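With this note's numbering applied, the sequence shown covers 55 to 121.
Think of the CB as a built atom: it goes at the ideal place given N, C-alpha and C, for glycine as much as any other residue.
All values derive from a computational prediction rather than experimental measurement.
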Amino acid sequence: MNLQAQLEGTENRINVARNKFNEAARVYNQKVRQFPTKLVAILFGFKEKPYFKSAEGAETAPVVNFN
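Written out as structure tokens, the structure reads:
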């Protein structure tokens, strides 16, 4: 059961990191679009950042044999 717990913990850490990244991207994009920070963004060439999207097929967990 130790390996299974480690896999679950790893999945949770990845999910937390993904959520933190997407939240940071959301805040950044909001600043890039809002006045007056939009003026600075245009001046320095800051562009909106995309949210993290997993690769196609990544939503399917790999099969792990615990036998």
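Only residues of its own chain outside the window of five on either side were considered, and among them 103, 105 have a CB closer than 6 Å to the CB of residue 79, listed in chain order. For residue 113, the secondary structure class from DSSP, reduced to helix, strand or coil, is coil.
Exclusion of the five residues before and after residue 61 leaves 118 as the residues of its chain whose Cβ lies within less than 8 Å of its Cβ.
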